[in-house]
Amino acid sequence: MARFTGFDEVYSALYVDFDNIYTRFLEADPEAARAFGTAPYRWVRWIENHALRILYGDGVRRRILKRMCYLNPQRYQEFRYHFIRSAFQVVDCPPLTTRGKTSTDIHLVMDCMDDLSHPTHFDEFIILSGDADFTPLLIRLQEHARRTLILSVGYSSPAYTAAASWRIREDWFLQQALKDERLEDDAETAAPAGSSLPQARPLRDTLSRMAPGASDEDDEDDGPAPGNRW
């Protein structure tokens, strides 16, 4: 794609293990869990802008081109509608055993592996789950030179976080994506209906020449950098 502006684009795919994230938020902060399940458009918007300057430098923006949500419809049917309204593809993963084991993990892994050969060539794979079973998946994605971002709530296996390129801090996500965004909704809905973002070109040519990391003086990304960087 030709370059029209000073922006480069990161093409991203987002995979949400709803049962894992929601239940852990429910234990820690029921209000935040409710916000996560009923207003996914808010935290998707936050993720689109998260850590861009730290990971890529200036003049870069993220486009989440694929959105997948995996949930147990027997327990969380009420949230399905909200994710569909936020342009997610929702994969129903009902229990398959008497212990309540679902097929979320295998569905998510198969989709990620399929997307490695997707014509779009996703630069990032963003996985919202604290399930350490995804550690081999993160390693495989890294072997294919793809950047991986994870969000886990509560305790996370050291091996799981070490395998990720970047870990989204739980406290940032909780405060900025699930709580602070509520104050911004009214202001953003008042924006002109015809406004749109400028066109931009893919980032893959730039990534091969870019040095790892960048200035971390951006207000949103201040603080220690959890997880690994390229």
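Counted from 1, the sequence shown has number 94 at position 94 by UniProt numbering; the numbering is strictly sequential.
Glycine residues also receive a C-beta, built at the ideal position from the N, C-alpha and C atoms.
- With contact defined as three or more Cβ pairs closer than 8 Å, the segment 167-177 and the segment 80-93 are not in contact.
- Taking C-beta atoms as the reference points, Cys112 and Leu141 count as a pair closer than 8 Å.
- Around the beta carbon of His50, 16 or more other beta carbons lie within 10 angstroms, which makes this residue buried.
- With 16 or more neighbouring CB atoms inside 10 Å of its own CB, Gly130 falls in the buried class.
- Rounded to whole angstroms, the gap between the alpha carbons of Leu178 and Trp46 is 9 Å.
- Here the alpha carbons of Val44 and Ala13 stand approximately 11 Å from one another.
- Taken through DSSP and simplified to helix, strand or coil, Lys101 comes out as coil.
- In the DSSP assignment, Glu124 is bridged to Ser12, Arg147.
- DSSP links Tyr70 through a beta bridge to Asp17, Val91.
- Here Arg167 is bridged, per DSSP, to Ile150.
- Taking the Cα of Ala87 as reference, the smallest distance to any Cα among Ser103, Leu65, Pro94, Pro95 is reached at Leu65.
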